[in-house]
Amino acid sequence: MRLLLFFLRLFFGFVAIALGILLLFSLLMNIGQSIANVFNLTDVPLYEEGKLSFLSITLGILMAVSLFSLWLIKLVRRRNNHMSDLYSLLDTHFAEGEKLLNEYRHMIS
Numbered sequence: 156m157r158l159l160l161f162f163l164r165l166f167f168g169f170v171a172i173a174l175g176i177l178l179l180f181s182l183l184m185n186i187g188q189s190i191a192n193v194f195n196l197t198d199v200p201l202y203e204e205g206k207l208s209f210l211s212i213t214l215g216i217l218m219a220v221s222l223f224s225l226w227l228i229k230l231v232r233r234r235n236n237h238m239s240d241l242y243s244l245l246d247t248h249f250a251e252g253e254k255l256l257n258e259y260r261h262m263i264s
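For the sequence shown, counting from 1, position 3 maps to 158 in our numbering; every step adds exactly one.
Structure (structure tokens):
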């Protein structure tokens with residue numbers, strides 16, 4: 156489980172960083188128009204100045220989702236650490252209680 160969480164954190168971390176960089180560049184220039192120029196697409200409508208493009212909004216939403224996923228993975232990891240601490244605490248207390256109970260049974264018999 157820890158290995159899976161590590162790879163998920165790594166994946167969503169890279170996605171968040173890449174989307175953040177793309178979002179920053181999309182605020183500085185119109186990425187949709189640049190892609191259209193590279194592929195020689197002439198029927199791509201130009202966006203008005205000052206408005207966010209569909210690509211910028213999509214990148215922002217995907218970045219928010221990836222950051223939310225990173226937060227959820229952190230919560231799951233923290234919960235797993237607390238649960239393992241709880242189980243080890245219970246195991247030691249139950250082992251001590253069982254040992255005392257066995258000693259008491261031997262004293263009675």
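For glycine and all other residues, C-beta sits at the position ideal for the given N, C-alpha and C.
Cβ shell of leucine 222 (< 7 Å), same chain only, five flanking positions each side left out: In the sequence shown, counting from the first residue as 1, residue 222 sits at position 67. So the list reads Ala171, once near-sequence residues are dropped.
Straight-line Cα distance separating leucine 165 from leucine 217: The residue labelled residue 217 in the question sits at position 62 within the sequence shown. The residue labelled residue 165 in the question sits at position 10 within the sequence shown. So the two alpha carbons sit approximately 16 Å from each other.
For serine 243 and arginine 260, the rounded distance between their alpha carbons: For the purposes of this step, residue 260 is taken as residue 105 along the sequence shown, with counting starting at 1. For the purposes of this step, residue 243 is taken as residue 88 along the sequence shown, with counting starting at 1. Those two C-alpha atoms are separated by around 26 Å.
Pair within 8 Å by beta-carbon distance, phenylalanine 162 and serine 224: Sequence index remark: in the sequence shown, residue 162 carries index 7 (1-based). Sequence index remark: in the sequence shown, residue 224 carries index 69 (1-based). No, these two residues do not count as a Cβ contact at 8 Å.
Reduced DSSP category for phenylalanine 169 - H, G, I as helix; E, B as strand; rest coil: Mapped onto the sequence shown, residue 169 falls at position 14. Helix.
Exposed unless 16 or more other CB atoms sit within 10 angstroms - verdict on serine 189: Locating residue 189 in the sequence shown gives position 34, where the first residue counts as 1. Exposed, by the Cβ-count rule.
Valine 231 beta carbon near the ligand FAD (any heavy atom closer than 7 Å): The model depicted lacks the ligand FAD and carries no ligand whatsoever.
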